[in-house]
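J.: Here the protein sequences come in this chain order: A and B.
For what it's worth, UniProt numbering labels the leading residue of the first sequence as 1, then goes sequentially.
For what it's worth, UniProt numbering labels the leading residue of the second sequence as 1, then goes sequentially.
Where is the CB? At the ideal position from N, CA and C, for every residue including glycine.
If you scroll down you'll find the structure; I have some questions about it.
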Amino acid sequence: MLTLTCPCCGTTAEETEFAPGGEAHLKRVGPGSDDAAFEEYMFLRENPKGVHFERWRHAYGCGKWFHAARCTVTMDVFGTYSAQVTEPPQEIRDRISARRPGWSWREFA
Amino acid sequence: MAEATIREAGPVGMVTFRGDLGAEPVQRALGEVAGLDLPERGRAAIGARTLLWMSPDELMLVCDRGEAGALAADLSARLDGVHHLALDISDARTVLVVEGAVREVLAKLAPVDLHPSVFPVGAFRRTRLNQVAAAFWLVSETEARVICFRSVAEYVRKLLDISAEAPVAGLYD
């Protein structure tokens, strides 16, 4: 069971109170891009064994979107943070580094 | 013998308010119109009326059915020029009153820790009751109010009835 804390309303709840929103920090590639870049943006997703970044929505609670950094193996949640950022905050990255030294995810490490 | 009784609260007025809850004009208008101090995060302010903390930018004012429209209009008049939404949505939701062993009745239906140290009287929580969205707050140790959408009120009523049938296990004594 995955237990998340919504950074918007502060509620800690199990995953059935949330709705998953897929991979975090996708960068949109717009019209005019080459096919490979558009395919990467549209279809290709990370499927890591370990550290992962996702979007979640507190669907049954305050209704807000947020980001979560978690481990797909152990269900450890390293932290949740605002939806209004384009990359994980340093504080979250430090927390992951403390528990999963040498981690990397896409361009972040 | 049921360990809790469930009844519909009857006609209840509900006014939804959205806006910047940290802004001084908003806080003043809400406080004066509701006659209450604004609730903190995850709390209900209970007095003659009730103010519920719904989300970081949303409160719900629970009042008499007859005054809801006037209160919403009063809020909008006081906040002329300030970005906000105040609307009488009394028809959207139903309020149910649970009396008795309320912590156990609710704990069986919602993924919420209802221990008094975590969820004291006055706490408010939006969550789900089995399959549908609902919210509840504790008025006292033996009375809780549950709100849910009117379209699923019968379902929630039956859920609570079934949950109240079982004997009290004494989890929260």
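Return the CA-CA distance between alanine 4 (chain B) and aspartate 161 (chain B), expressed in angstroms with no decimal places.
T.: C-alpha separation (whole angstroms): 8 Å.
J.: Output the residue ranges of the alpha helix (DSSP H) runs that lie fully inside the segment 3-37 of chain B and measure 4 residues or longer, sorted by chain position.
T.: Entirely contained in the segment 3-37 of chain B, the alpha helix (DSSP H) runs reaching 4 residues are, in chain order, 24-34.
J.: Taking only beta-carbon positions, decide if glycine 61 (chain A) is within less than 8 Å of chain B.
T.: Cβ-Cβ to chain B under 8 Å: yes for glycine 61 (chain A).
J.: Taking glycine 22 (chain A) as the reference, give the member of A:Glu40, A:Thr11, A:Leu4 and A:Glu46 with the closest Cα.
T.: Of the candidates A:Glu40, A:Thr11, A:Leu4 and A:Glu46, the one whose C-alpha sits nearest the C-alpha of glycine 22 (chain A) is A:Glu46.
J.: Quick one: which chain A residues come within Cβ less than 8 Å of proline 56 (chain B)?
T.: Correct list: Cys8, Cys9, Cys62 and Lys64.
J.: Going by alpha carbons, who is nearest to leucine 85 (chain B) out of B:Gln27, B:Leu75, B:Thr50 and B:Gly42?
T.: For leucine 85 (chain B), the nearest C-alpha among the options comes from B:Leu75.
J.: Confirm, please, whether the CB-CB distance from alanine 134 (chain B) to isoleucine 147 (chain B) is below 8 Å.
T.: Yes, these two residues count as a Cβ contact at 8 Å.
J.: Are the C-beta atoms of methionine 1 (chain B) and some chain A residue less than 8 Å apart?
T.: Here methionine 1 (chain B) scores only 45 on pLDDT, less than 50, and its place in the model should not be relied on; the value that follows carries that caveat. False, the Cβ-Cβ gap to chain A never drops below 8 Å.
J.: Does the beta-carbon of histidine 67 (chain A) have 16 or more other beta-carbons within 10 angstroms, so that it is buried, or is it exposed?
T.: With 16 or more Cβ atoms within 10 Å of its Cβ, histidine 67 (chain A) is classed as buried.
J.: If you drop the 5 nearest sequence neighbours on each side, which residues of the same chain put their C-beta closer than 7 Å to that of isoleucine 92 (chain A)?
T.: The residues are Ala69, Phe78, Gly79 and Tyr81.
J.: Taking the Cβ atom as the reference point for each residue, do valine 98 (chain B) and isoleucine 6 (chain B) lie within a distance shorter than 8 Å?
T.: Yes. Within cutoff.
J.: Output, in sequence order along the chain, the residues in the segment 100-127 of chain B whose CB is closer than 8 Å to any CB in chain A.
T.: Those residues of the segment 100-127 of chain B that come within reach of chain A (Cβ to Cβ, closer than 8 Å) are Pro111, Val112, Arg125, Arg126 and Thr127.
J.: Does the beta-carbon distance from valine 102 (chain B) to leucine 138 (chain B) come in below 8 Å?
T.: Yes, the pair counts as a contact, with Cβ atoms nearer than the cut-off.
J.: Using 8 Å as the limit for Cβ to Cβ distance, is threonine 72 (chain A) near chain B?
T.: Chain B contact via Cβ: absent.
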